[in-house]
Structures are given as C-alpha cells and as structure tokens.
Amino acid sequence: MDPVAGAASTRRFAKELGNLRELRVLRASIYAVDESTERDLMESLLGNLQKIQSVDIFGSPLERGVTWDAGFASPWRLRHLNLECFELSRLPASVNSSLLPNLSHLDMKVQVMQEQDMETLGRLPELRCLVLDSRYTKVVRIKNTGSDCYFKKLRFFTMGSSSILFDVQGSECAIMPSLESLAFGVHVRFLKDADLLCFKKLGLVNLPSSLQRVTVEINSWDAHDTEVEEAEAMLEHAAIVHPNHPIFQTTRPFGKYIMLLPDQEPSSTNPKVDRCDVNLRKNGGDHLDFRWLLMNPRVEKFCVSINCENANLEEVEEAEAAARYAVDVHPNCPTLELVRYGEDKMVLPNPQQQVGYLS
1 MDPVAGAAST
11 RRFAKELGNL
21 RELRVLRASI
31 YAVDESTERD
41 LMESLLGNLQ
51 KIQSVDIFGS
61 PLERGVTWDA
71 GFASPWRLRH
81 LNLECFELSR
91 LPASVNSSLL
101 PNLSHLDMKV
111 QVMQEQDMET
121 LGRLPELRCL
131 VLDSRYTKVV
141 RIKNTGSDCY
151 FKKLRFFTMG
161 SSSILFDVQG
171 SECAIMPSLE
181 SLAFGVHVRF
191 LKDADLLCFK
201 KLGLVNLPSS
211 LQRVTVEINS
221 WDAHDTEVEE
231 AEAMLEHAAI
241 VHPNHPIFQT
251 TRPFGKYIML
261 LPDQEPSSTN
271 PKVDRCDVNL
281 RKNGGDHLDF
291 RWLLMNPRVE
301 KFCVSINCEN
311 ANLEEVEEAE
321 AAARYAVDVH
331 PNCPTLELVR
341 YGEDKMVLPN
351 PQQQVGYLS
C-alpha cells in the first residue's frame, strides 16, 4: 500500500474503531500520521469502547506527545493496556484506581513522569506488570510516607531508560512488596552530574525480599570508561548486599562507541543557570517545548528571552506557560526569569485594535 493510501486507511480506522462497541480484545499495529489521527484513535479506544478488556496497539509514535484528555472516559473493565503507538505528554488523569480498578498490565510511554504520578500508579489495586518509558525524566522517585502500601501486587517493573529512586524514609509500609523482576536504565553522565552515582541514594536495598532479578541498561554517553565501570561495580554491590541476592545483569547497548577517551572532557555542561532565546516566528511550534530542561540535573535558574516581533499575544503567553510548566515539573524547582523584547512589533488581534495602536 502506498503512503497516501496507508495514511488514509489509518485515519479511517481510527474513526471507525469507535463503532465496535462490543469489542473485548484489540491487538493491532498502527502508525499514526498526524496528531489528529492520534486523537481520533485515542477517543475511539477510551471514549467509545467501554466493554474493552485488553488493548495492544503497536507502532511508532509521533515525538510531539499526545494528550489523553480528561474528557475521555476510562473503560472500567480494562485489564490489559499497551499503548506503544502513543507517546503521552504526561500521565493521563483517567489512569487511576477509581476509574481503572481492574487494570493489571500497563505499558506506555510518558514524556514527563512526576513523583505524584508514581503515587497514582502505586494505588492501582490489581497492577501486576508495569512498563514505562520516559523521554525526558531520567530519575523517577517512588516515595511512600503514609501507611498505605503502594504497588501491592506488582511483580514486574520496567522503567525504560530512567533510573528509579526508592525512598521509604518515614514510611510504615514497604514499596512493591511482591516485586520479582526490576529493570531500569542508568544514564551515567546524568547521575554523576546529579550526584547520584554512588547509588546509595537510589535505595535498591529497600526493595522487598521477593526480588529475584535486576536488569540495568547502562547509557555510557559522554562518560569515561572508569565512570561506567564504577557505576557497574556499585550496582553489582547493591545486588550483592540485598537480602535475597537477586540475579544481576547489566547491558551496554552502544558499547564503547559513545564513551569519552581518557583525555576528553564531557561535552555536556549542565549549567546552574540555563538560558534560552526564543524567536516565535523562526522556531515554529518548537518554542512551546522546554522539557529538555529536565535533562539538566544541576539547573537552579531558567532564563527565557522571547522575541515577540510578528507574534500575537496568545503565542507569547503560550510560550511563557510552556516555560513555567518545564520549571514546575523539574525536581530542582528552579527559578524562572521571563523577558519579552520586540513587544512594539507584536501583531494585534484585529484591524480595529491595530488602528488604535498606531494612533
């Protein structure tokens, strides 16, 4: 099928899928062609298929990030949900214990994961298998300060390319008491800059005695061989001192190809003050995404200068809101400095206002 026919078929399928209201099991491979198709597919799956119990949608998602709107219902009977074809901008509000009480398997890509998101997932009463991948969040904190036990039935947990920080300080109940298999990623340069490379702060010793296997994918980009070996040794030690002595395995998907030579300095600077100059006319939609700030674990202040020339007020305010969001979701809670320039050359909403402005 040629690309045009394929795109048309995908759009038609996304819309017509919602008519199969008696559908219980769906397994398909879909390659979304635009944001509208992604939204139609999401609405069909979650807005109309209220009897669906198992969903596996494979495919390559758009990098932009789709939003599972609060207006979409969650199929109450849903037990198995794999949304490989979507990359969600954030954890959907509809994924919670009251709307998905029977969910036992969850596999999704979420661009930004926050501590409260993990708390929400931890309250899913039947969740046994959790597979997450996050483009921007490199360290996921799982914290339990109350008496409720999070992830009570979870047995298999994979966290893609992100590290996991288990914090049980002040908790009366264990985290993941039934966990058997844990897989996560370690970005050596990121953790070193974040002062987490000692791995004591990751709290692996706090995992339950049921743990049988730990698999770690090592990202050695911009790191020296000695730093990578140090990380592997510390992770192995964490597995050795664990009460259950789980089987431990590390992998380096890119080998030594992306590592630094002994005399090379890291190319990533990760400054404490990060600056960004935005030209709304030249950057297009890219000016609305500052989530790359999460890749800097040392940032304390974020300075954004916005060129308002030939832009309207709505576009400027949208860019400012995106910058505020990036600061709000960053674990460091950096301060934000917003500066507008070229406001005298902004586009006014309508001709009548333009005349009044020129006079």
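Following UniProt numbering, the numbering of the sequence shown begins with 1 at its first residue and continues without gaps. Note that CB positions come from ideal geometry on N, CA and C, so glycine has one too.
- Note that the C-beta distance between LEU106 and LEU130 is below 7 angstroms.
- For the options LEU191, ILE175, ALA233, the alpha carbon positioned closest to that of PRO208 is the one of ILE175.
- Under the 10 Å beta carbon count, PHE254 is surrounded by fewer than 16 other beta carbons and is classified as exposed.
- Closest in C-alpha terms to PHE86, from the list ARG123, HIS224, ARG135, comes ARG135.
- Per DSSP, VAL228 is one residue of the alpha helix (DSSP H) stretching across 225-241.
- Counting along the chain, LEU182 sits inside no alpha helix (DSSP H); it lies in the beta strand (DSSP E) bounded by residues 181-187.
- Measuring C-alpha to C-alpha distances from GLY185 to each of ASN206, PHE157, ALA7, VAL273 identifies PHE157 as the nearest.
- Per the C-alpha coordinates, the member of ALA239, LEU179, TRP292, VAL278 positioned closest to VAL339 is VAL278.
- According to the DSSP secondary-structure assignment, ASP274 is paired through a beta bridge with PHE302.
- When the beta-carbon positions are compared, GLN50 and PRO75 come within less than 7 angstroms of each other.
- A Cβ-Cβ contact shorter than 7 angstroms links GLY203 with ASP167.
- The segment 312-326 and the segment 221-235 do not touch, with fewer than 3 CB-CB distances between them shorter than 8 angstroms.
- Here VAL273 is exposed. Its C-beta has fewer than 16 other C-beta atoms within 10 Å.
- ASN206 carries a helical assignment under DSSP once its states are collapsed to helix, strand and coil.
- Note: ALA28 is bridge-paired with ILE57 in the DSSP secondary-structure output.
- Judged by DSSP secondary structure, MET295 falls outside any beta strand (DSSP E); it is assigned neither H nor E.
- A direct Cα-to-Cα measurement between GLY122 and GLN212 gives close to 20 angstroms.
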